[in-house]
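To keep things clear, I will list the structure first and then write my remarks on it.
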Amino acid sequence: MTDLYPVDPAFASQARISGEDYQRDYQTSVRDPEAFWKQAAQRLDWYKAPTRIKNVSYDLDDFRIRWFEDGELNASVNCLDRQLEKRGDKTALLFEPDSPDAASYPVTYRELYERTCRLANALRALGVQKGDRVTIYMPMIPDAAVAMLACARIGAIHSVVFGGFAPNSIADRVADCGSKLIITADEGLRGGRKIPLKANVDAALKLPGTNSVETVLVVRHTGGAVDMQMPRDRWFDAVVEGQPAECEPERMNAEDPLFILYTSGSTGKPKGVLHTTGGYLLYAAYTHEAVFDLREDDVYWCTADVGWVTGHSYIVYGPLANGATALMFEGVPNYPDMSRFWQVIDKHQVTLFYTAPTAIRALMREGEEPVKKTSRKSLRLLGSVGEPINPEAWRWYYEVVGDSRCPIVDTWWQTETGGIMITPLAGAIALKPGSATLPFYGVQPALVDANGEVLEGATEGNLVLLDSWPGQMRSVYGDHQRFIDTYFRTYPGTYFTGDGCRRDEDGYYWITGRVDDVINVSGHRIGTAEVESALVAHPKVAEAAVVGFPHDIKGQGIYAYVTLKAGEAPGDDLVKELVAWVRKEIGPIATPDHLQWAPGLPKTRSGKIMRRILRKIAENAPDQLGDTSTLADPGVVDSLVSERKVK
Ligand code: WT7
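Pasting the structure below:
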């Protein structure tokens, strides 16, 4: 039996969407998507309103995904220009710095508009044209949003790289899309520590494949010393100074690319997920308003970084297209102390709060006191994203953070989906702790078995989506075939999410986690293949296999099995060295939590590593290894199990 938290009548009486609305509009959205999305498209400002709404075929021989394909618009105009008349003096972004002792400040819609226009003009003056790629490697400061919007204004495709990635990862992403320009800052600040952003860019640009970069714009943020290599490197404030505060926007087709965002898959290097302008923006804006039950005077705070899709859709594009006030926080939950989130909520009277289960679990561990000493009265709705939220953390979030007053929206979606797909609507759908509940408008989830047979009723299977929605990614940048192969070949005629899922007797969806070789560490996707290739790049490593294992705070941790080259001696120092090596190669988010020496790896006779077995050993469940009869050398498993037991 699971708990049911019925819709709160007080919340429902004020809510945008009632239970009846949801039932009716969901039915319309799947019965007649054309009519539904034509109507929905009116929430954007178009130069040319679309007349062709949906043109989609998942048929592998006749594959296409197009939404609003004859429509024309500009994303920055929708986020800025059209807000000026009613909301010019309204706060668009409310900046809260890393340290509570530094000054927070608002950026109004008019200021954001002017800053965006100045940068857009500067980018044009530097030769950036429609369709060119611009990499953004920035701290969580308003200029990160300015950079994204300035690209959107001139039709340049931005590729934001999370500030926690190392030079190698920056270089891979720059090389893959051939960026012409990078926008970065001298340093970032997180939890009182400086992140050498510009130095990381310098190191990245020494690596092969990065010759496309002509210019690096450097925002002066901390004022820390950096090397400026002329004429490549330019100070941001110097290039925008003197630029006009107005900038003619590029007229974009709805299907013109808006951005690339790299994400890990189960194989190979990260994929450049490509999102286009019309469908993405519409879907981000619509879901943001509906899921957060947005009102004009809300102060909305999403704690994600703009380096992830959550930051793109629910700090920048969705909120700004809706004329909302979005808080932008540079810091971390535990600095200077464990009350930081709740103090920021009180300081800025935050009404809508959206964070990740990993943060909830980490804060939960510190007990109620750091929460209870703050008021949090301003809050009216809480959100969760990034990974399954365990019922225990859900209840703590609900009871302790929300004082049992605020509904929680557990939102399931992916970089690939552009926006929220399965989620409660707080005025319409009763909550169950741990379930993302029901699909958003236009979303048609289904569960399939290993053969692709659609399963009915209360059951468990692989989560697929039967039809397209406007926010769907359109391609893997530079490799359209990889897009089709990754998402549409596994279960033909459907989009495969990579997630396992259970559906209960009420039709509620419970995401159980990835069924592929992607590890979800603190809500961030890490491909096992990436960590493995980083490890084998070390001169002493012969072979490596990486799997996920359950981790109390992170959800999943990274467990690496390493075989050394002949003659190399294992030891604690080498463990440290290899862990540091992976951090240096990929970035701190890929830090292995556990490294086990493996004299050999369990393989099939054809040489395929049997990860299923490695996962069970990492979980410390050697009694659940399952069928080991196809192993080339069963002795390998025994030795790994006995080594694991010692730990
Ligand atoms: C994967 C996508 C969506 C933005 C942040 C992550 C997992 C995400 C939930 C949730 C259970 C979730 C899935 C998904 N996931 N949200 N509410 N409940 N699982 O984006 O890096 O593209 O990762 O995160 O496994 O496939 P992402």
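Letter by letter, the sequence shown follows residues 1 to 647 of full-length UniProt numbering.
Don't be surprised by glycine CBs; every beta carbon is placed ideally from N, CA and C.
Distance from the Cα of Met252 is smallest, within the candidate group Arg605, Pro50, Pro588 and Val575, for Pro50. Short note on Ile389: C-beta closer than 8 Å to some heavy atom of the ligand WT7. Closest in C-alpha terms to Phe549, from the list Ala326, Thr222, Asn168 and Ile613, comes Ile613. Note that the C-beta distance between Pro336 and Gly192 is below 9 Å. Short note on Asp499: C-beta closer than 8 Å to some heavy atom of the ligand WT7. Listed in chain order, the non-local C-beta contacts of Ile526 below 6 Å within the same chain comprise Ser264, Ile519 and Ala590, local neighbours out to five positions each way being set aside. Look at Asp98 here: in three-state DSSP terms it is coil, with no helix or strand label. Residue burial annotation: Tyr109 is buried, with at least 16 other C-beta atoms found within 10 angstroms of its C-beta.
Within the model, the alpha-carbon separation for Ala321 versus Tyr314 is close to 10 Å. In the three-state reduction of the DSSP assignment, Phe341 falls in the helix class. Contact between the segment 420-433 and the segment 16-32 is established, with three or more Cβ pairs separated by less than 8 Å. Here the C-alpha atom of Glu453 lies approximately 47 Å from the C-alpha atom of Ile345. Residue pairing by DSSP places Leu181 opposite Val134 and Thr215 in a beta bridge.
Judged by DSSP in its simplified three-state form, Trp469 adopts coil rather than helix or strand. The Cβ atoms of Asp633 and Lys603 lie closer than 9 Å to each other.
Looking at Val273, Glu250, Lys269 and Asp25, the one whose alpha-carbon comes closest to that of Phe259 is Val273.
No Cβ-Cβ contact shorter than 9 Å links Ala393 with Ile420. In terms of CA proximity to His275, Ala254 leads the group Asn462, Thr287, Ala254 and Lys540.
Taking all protein chains shown into account, Asn211 has fewer than 16 neighbouring C-beta atoms within 10 Å of its C-beta and is therefore exposed. Looking at Gly242, Pro588, Val216 and Gly224, the one whose alpha-carbon comes closest to that of Met230 is Val216. For Asn200, the secondary structure class from DSSP, reduced to helix, strand or coil, is helix.
Set against 8 Å, the gap from the CB of Ala436 to the closest heavy atom of the ligand WT7 is smaller. According to DSSP, residue pairing for His312 in a beta bridge does not occur. With fewer than 16 other CB atoms across the displayed protein chains lying within 10 angstroms of its CB, Arg64 is exposed. Taking the CA atoms as reference points, Ala150 sits about 5 Å from Thr116. Distances from the alpha-carbon of Gln243 to those of Gln343, Glu114 and Phe162 put Glu114 closest. According to DSSP, residue pairing for Met421 in a beta bridge does not occur. Between the segment 30-47 and the segment 232-241, the count of C-beta pairs closer than 8 Å stays below three; the two stretches do not touch. In this structure Pro139 is buried. Its beta-carbon is surrounded by 16 or more other beta-carbon atoms within 10 angstroms.
Per the C-alpha coordinates, the member of Lys347, Thr490 and Lys554 positioned closest to Leu60 is Thr490. Between Ala145 and the set Asn390, Ser99, Glu69 and Ile183, the nearest pair of CA atoms involves Ile183. Relative to Gly331, the option among Gly164, Glu248, Gly279 and Trp412 whose CA is nearest is Gly164. The C-alpha of Val547 lies about 43 Å from the C-alpha of Leu123.
With a cut-off of 8 Å, the C-beta of Asp410 is classified as near the ligand WT7, since at least one heavy atom of the ligand falls inside that distance. Taken from the Cβ of Gly163, every heavy atom of the ligand WT7 lies 8 Å or farther away. In the DSSP assignment, Met328 falls within the unbroken beta strand (DSSP E) covering Thr325 to Phe329.
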